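Counting in my numbering, the sequence shown runs from 858 upward without gaps.
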Amino acid sequence: MKKIVFLLIAGLSFSVSHSQEVSDAVRYAQDNLTGTARFRAMGGAFGAVGGDLSSLSVNPAGSAIFANNQTGITLSNQSIKNNSNYFGTNTSDDKNSFLLNQAGGVFVFHDRNPNSNWKKIAIGATYENTNNFDNNTVSVGTNPVNSIDQYFLAYANGDPLKNNGVRLGDIKNISYTNKTYKQQQAFFGAEGYVINPVTSDNNNTKYTTNVPTGGNYYQENEVYETGYNSKVSFNIATSYKDRLYLGANLNVHVTDYRRTSTFYEDNDKPLVAGETISSLRFNNDQYTYGNGFSFQLGAIAKVTESFRLGLAYESNTWYELYDEISQSLYTTRQAAGGQPIDKAVNPNVVNVYDPYTLQTPGKTTFSAAYVFGKSGLISVDYAIKDYGNTKYKPTSDEGFKGLNNQISDELTSTGELRVGAEYKIKQLSLRGGYRFEGSPYRDGTTIGDLTSYSGGLGYNFGTTKVDLAYSYFERKSNQGFFAQGLTNGANISSKLNNVSLTLLFEL
């Protein structure tokens, strides 16, 4: 990643070479179950059903199922609780958010010509919050082995086989805004006295730790996230003899993600003659934003009046993303018989990086549904998505080559099963759903499998419909606090509760 000329204005700098991670790619490749209350209540199993505003997000042919024009809006309240276990210490935190979940409309144009086999054309536009990033995670515990010093040493010493450690002269003599990301991390460690150069020679590339050895480091890791992924879809679909439905979407994606993390560590090791680190706090703020593009193709076939099959393909999403990073480090060091010495390393700089492209994987969905006349239906969707095909671009970039290889090694293809059912009693509809999504990681633990249950009801007032849904999911994960050096992570059990309300109008 080539360095560009930077501009420093009121603490804002422009540079490149931020260290993207596999977890960043997974974040933008995953979608949560969102949409209308009916869609959520039935587990999102609408690939062969259609006739719902959110069914377009699974199979764009679904808009041709509509008999009349329809518009709607959905509001949701989401609550997520994370239970953390870090080396035997349990902590928990939660986050509640209220959001506009979905809005849109479909307009149906019937062909009144009795000799035409193409019975209608449907045109639609929808907005969906495909992933709500609002989340708080706090992990606390005593690490028996590893300290945060390993993070700074990993950057400063580099790969011993390649002898590509950071030169002491680059730490001392290059301004912070002109340093690469790797040099900046070594700078924090050296300036905060967490690590020491082996020699004072400017060509030195070897560093040792000032953190006492022996393990049992008390650590706290707090992560606060906000933001969203959203998708605006422009849809067109048609019906052939009311037996075959074909559709296509053009999708515009927008992402806006903020992550604030603070890592604290201290130890109660006996003081020695030389100064050693007794406590530190390392703060990281990340802001990622950008937009992307994808398309979808889909078909629904009425095999019989009751039995339907669906097939849909969603292309890769091509994102252009921008990263902004700011960091600070505060340390306390002390020697036997001496007073504590506090050190603040805060450049007050926001690193703004060159835009880059992230290609997230496509998805193929197979669907089947059985409709019991006007009494209800049962529907099943199965989607396949290969997270290993996620790529940072340009792929010729040396920094991205290694990361893309890591993605290919760590991520895998997953299956997602959705099952939904609906039963109607006059104007009242009762609904239920189930969803299972496999882990995108080969190890199955970095992010584990997802299991979700849902239910809801709706009432048809004629030209107005009101739907209510409740959904619950749980997922376990264990992601390292840092991608290098200190890669220990807490076992996180996440449980999400969502209540959605949809108001629909037939025009």
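Cβ atoms here follow ideal geometry from the backbone N, Cα and C, with glycine treated the same way.
Note that this is a predicted model, so its numbers are computed, not measured.
- Item | Test item: CB-CB of Asn989 and Tyr1085 under 8 angstroms | For this step, residue 989 is matched to residue 132 along the sequence shown. For this step, residue 1085 is matched to residue 228 along the sequence shown. In this structure, Tyr1085 lies closer than 8 angstroms to Asn989 by Cβ.
- Message: For the region 1035-1045 against the region 1068-1083, do three or more pairs of beta-carbon atoms, one drawn from each stretch, fall closer than 8 angstroms, so that the two count as touching?
- Response: no
- Item | Nonlocal neighbours in the same chain, by C-beta distance under 6 angstroms from Glu1181, ignoring five residues either side | Start at 1 with the first residue of the sequence shown, and residue 1181 comes out as number 324. Cβ neighbours of Glu1181 beyond the five flanking positions: Tyr1144, Val1207, Val1209.
- Message: Rounded to the nearest angstrom, what separates Ala982 and Ile937 at their Cα positions?
- Response: As a working note, residue 982 is residue 125 in the sequence shown. As a working note, residue 937 is residue 80 in the sequence shown. Rounded to whole angstroms, Ala982 to Ile937 spans 30 angstroms at the Cα level.
- Inspect the beta-carbon positions of Asp1266 and Ala894 and report whether they are closer than 8 angstroms. The sequence position of residue 1266 within the sequence shown is 409, counting from 1. The sequence position of residue 894 within the sequence shown is 37, counting from 1. No.
- Item | Rounded C-alpha distance that separates Leu1353 from Leu957 | Translated into positions along the sequence shown, residue 1353 becomes position 496. Translated into positions along the sequence shown, residue 957 becomes position 100. Distance between the alpha carbons of Leu1353 and Leu957 is about 17 angstroms.
- Query: Nearest to Pro1251 by alpha carbon, out of Phe1150, Phe1120, Glu1177?
  - Reply: For this step, residue 1251 is matched to residue 394 along the sequence shown. Ranking Phe1150, Phe1120, Glu1177 by Cα distance to Pro1251 puts Glu1177 first.
- Task: Just grab the DSSP bridge partners of Ser1286 for me.
- Result: For the purposes of this step, residue 1286 is identified with residue 429 of the sequence shown, where counting begins at 1. Beta-bridge pairing links Ser1286 to Lys1281, Gly1315.
- Item | Coarse secondary structure for Met858, derived from DSSP in three states | Position 1 of the sequence shown, counting from 1, holds the residue named residue 858. The pLDDT assigned to Met858 is 37, lower than 50, so where the model puts this residue is not dependable; a value taken from the coordinates is nonetheless given after this. The answer is coil: DSSP assigns Met858 none of H, G, I, E or B.
- Item | Segments assigned beta strand (DSSP E), at least 3 residues, entirely inside the region 912-964 | 927-943
- Query: Which residues in the same chain as Val1160 place their Cβ atom closer than 7 angstroms to its Cβ, once the five residues preceding and following it in sequence are excluded?
  - Reply: For the purposes of this step, residue 1160 is taken as residue 303 along the sequence shown, with counting starting at 1. Cβ neighbours of Val1160 beyond the five flanking positions: Leu1166.
- Query: Helix or strand or just coil, what does DSSP make of Leu1025?
  - Reply: If you number the sequence shown from 1, residue 1025 lands on position 168. In the structure shown, Leu1025 sits in a helix (DSSP, three-state: H, G or I).
- Query: Per DSSP, what kind of secondary structure is Ile1264 in: helix, strand or coil?
  - Reply: For the purposes of this step, residue 1264 is taken as the residue at position 407 of the sequence shown. The answer is helix: DSSP assigns Ile1264 an H, G or I state.
- Task: Please classify Asn1020: is it buried, with 16 or more other beta-carbons within 10 angstroms of its beta-carbon, or exposed?
- Result: On the sequence shown, residue 1020 is found 163 positions in, with the first residue counted as 1. That one is exposed.
- Task: Could you pull the start and end residues of the alpha helix (DSSP H) that Glu1048 belongs to?
- Result: In the sequence shown, the residue the question calls residue 1048 occupies position 191. Note, Glu1048: alpha helix (DSSP H), 1038-1048.
- Closer than 6 angstroms by C-beta to Tyr1102: which residues in its own chain qualify, once you throw out the five before and the five after it? Chain order, please. Locating residue 1102 in the sequence shown gives position 245, where the first residue counts as 1. The residues are Ala918, Ala921, Ser1096, Ile1157.
- How long is the line joining the alpha carbons of Val1023 and Gly1015, rounded to whole angstroms? Position 166 of the sequence shown, counting from 1, holds the residue named residue 1023. Position 158 of the sequence shown, counting from 1, holds the residue named residue 1015. Answer to the nearest angstrom: the Cα atoms are 7 angstroms apart.
- Message: Could you tell me the alpha carbon to alpha carbon distance between Asp1199 and Lys952, rounded to whole angstroms?
- Response: Residue numbering aside, residue 1199 sits at position 342 when the sequence shown is read from its first letter. Residue numbering aside, residue 952 sits at position 95 when the sequence shown is read from its first letter. In a straight line, the C-alpha of Asp1199 is about 34 angstroms away from that of Lys952.
- Candidates Ser1087, Ile1134, Ala1326, Ala1278, of which the one nearest Thr987 by Cα: Reading the sequence shown from its first residue, position 130 is the one you call residue 987. The candidate whose alpha carbon is nearest that of Thr987 is Ser1087.
- Task: Buried or exposed for Tyr1329, please, with buried defined as at least 16 other CB atoms from any protein chain shown within 10 angstroms of its CB.
- Result: Working through the sequence shown from its first residue, we reach residue 1329 at position 472. Counting Cβ neighbours within 10 Å, Tyr1329 comes out exposed, since fewer than 16 surround it.
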